[in-house]
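**Q** FYI, in our numbering the residues of the sequence shown are 95 to 167. Ideal Cβ positions, reconstructed from N, Cα and C, are used throughout, including at glycine. Got a structure for you, questions after.
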Amino acid sequence: TLGKGEIVWELWQWDGRYIKGKKIKRSKTKETVVKHAKESINYKKIVKGDNKNEFFLEDSLGRPVGMIINREE
């Protein structure tokens, strides 16, 4: 369980309509969600978003298929 003030990393998968459509993993470390993304989402590269707390998972055509977000609880 995560406590108040802790940093949380979340992995979201595109649901056919929204990039932040389906949350599939939540962890205290970025490494854990990246590892889970490699196992569960078919993506080609990770691209940093405009916000320093978000990263987009893109397919081979550059379309976002998921995202990784970090936030403080």
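In angstroms, rounded to a whole number, what distance separates the CA positions of GLU148 and LYS124?
**A** Near 11 Å, if we compare the C-alpha coordinates of LYS124 and GLU148.
**Q** Classify ILE101 as buried or exposed, calling it buried when 16 or more other Cβ atoms lie within 10 Å of its own Cβ.
**A** Classification for ILE101: exposed.
**Q** I need the DSSP call for GLU104, collapsed to helix, strand or coil.
**A** Here GLU104 sits in strand by DSSP.
**Q** Near GLU152, what residues of its chain come up, given a Cβ to Cβ distance below 8 Å and the 5 sequence neighbours on each side ignored?
**A** Cβ within range, chain order: TYR137, LYS138, LYS139, ILE140, VAL141, PRO158 and VAL159.
**Q** Report the residue ranges of all alpha helix (DSSP H) runs contained in full by the region 111-146; include only those spanning at least 4 residues, in chain order.
**A** For the region 111-146, whole alpha helix (DSSP H) runs of length 4 or above, ordered along the chain, are 124-134.
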